[in-house]
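Read the structure below first, then the notes.
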Amino acid sequence: MACLWLVLLGLIISPVAYSTATEPAPQSAALEPAPQIAPESAQQPATELMIDHFDPETGKRIIPNERCLTCHGDEEQKTDVRDDGSPVKIFVHSEQIKASVHGEQPCTSCHVTIDRVPHRKAPSVIVGCIECHRETWEEHQDDPDGKYERLGVVNEQIDNFMHSIHAQPSELDQSRTNATCYDCHDDHNIGELGSIQRAD
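Dropping the structure here:
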């Protein structure tokens, strides 16, 4: 008898459940997508600084100086501590660079091994002063506006340097020269055009 009651109860409940499931939901109960909340950093508008651009001729990534300065423009930034305990500073005086003869150059035109920012902790600094100055002089020595005229003087100095003791391999480390351009010219403080800081 109990089985009969269960069968009858099932016959009564099944149609009610079926009719409830097949009835359309009222308009107010329609499912609306839940609002998607992105992290705050993702909600910020994209800026030109964060967008990667590529040189159409070389395919190389173009990194704006402002992106470099997000870290290198902060005087408190340091990347490591030397064996003697002193901090390794990465600060660059952006105003000095802007006022220098290299002020319109991208950082990566000298720091050629940097191809993305942020870069690895301690990138090797490969700066080709001589190659760049010679190539630029070859390209522009006949320009009528004289904008690159002083580069002729720089190239004369390069020739003198290359034949001097300074360009010879160091006795302590044959992979290095006795002196580099940086020994006389602070690499981030080349000086304004016509300033006394520039060698004649």
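Per mature numbering (1 follows the signal peptide of the UniProt record, and there is no 0): the sequence shown = residues -19 to -1, 1 to 181. Quick reminder that beta carbons are idealized off the backbone N, C-alpha and C, glycines included.
In the DSSP assignment, find the alpha helix (DSSP H) that holds residue i and state where it starts and stops.
i      : result
Thr117 : 110 to 121
Val135 : 130 to 143
Glu164 : According to the sequence shown, residue 164 is Asp rather than Glu. 162 to 165 is the span of the alpha helix (DSSP H), which, as asked, contains Asp164.
Thr51  : 46 to 53
Let me check you understand the geometry: is the CB of residue i closer than 7 Å to at least one non-hydrogen atom of the ligand SAM?
i     : result
Ser75 : Annotation note on the ligand SAM: not contained in the displayed structure, which lists no ligands.
Using the Cα positions of residue i and residue j, report the straight-line distance between them to the nearest angstrom.
i      : j      : result
Ile95  : Gln86  : 14 Å
Asp164 : Ile139 : 14 Å
Val98  : Cys49  : 7 Å
His166 : His100 : 25 Å
His74  : Cys91  : 16 Å
How about residue i and residue j: are their beta carbons less than 8 Å apart?
i           : j      : result
Lys59       : Pro45  : no
Leu132      : His114 : yes
Glu55       : Phe72  : The displayed chain sequence assigns Asp, not Glu, to residue 55. Cβ distance < 8 Å, so Asp55 and Phe72 count as in contact.
Pro150      : Thr158 : yes
residue 187 : Gly109 : Any property of residue 187 remains undetermined from this structure, which presents the chain solely from -19 to 181.
Looking only at its own chain, which residues have a Cβ that is under 8 Å from the Cβ of residue i, when we skip the five neighbours before and after it?
i      : result
Arg63  : Val69
Asn136 : His114, Arg115, Trp118
From which residue to which residue does the beta strand (DSSP E) around residue i run?
i     : result
Lys41 : Unbroken run through Lys41: none, as it is neither H nor E.
Thr60 : 59 to 62
Val98 : Where Val98 is concerned, there is no enclosing beta strand (DSSP E), given that its DSSP letter is neither H nor E.
Please go through the same chain and pick out, in chain order, the residues whose beta-carbon is closer than 6 Å to the beta-carbon of residue i, but skip the five residues on each side of it.
i     : result
Cys88 : Asn46, Cys49
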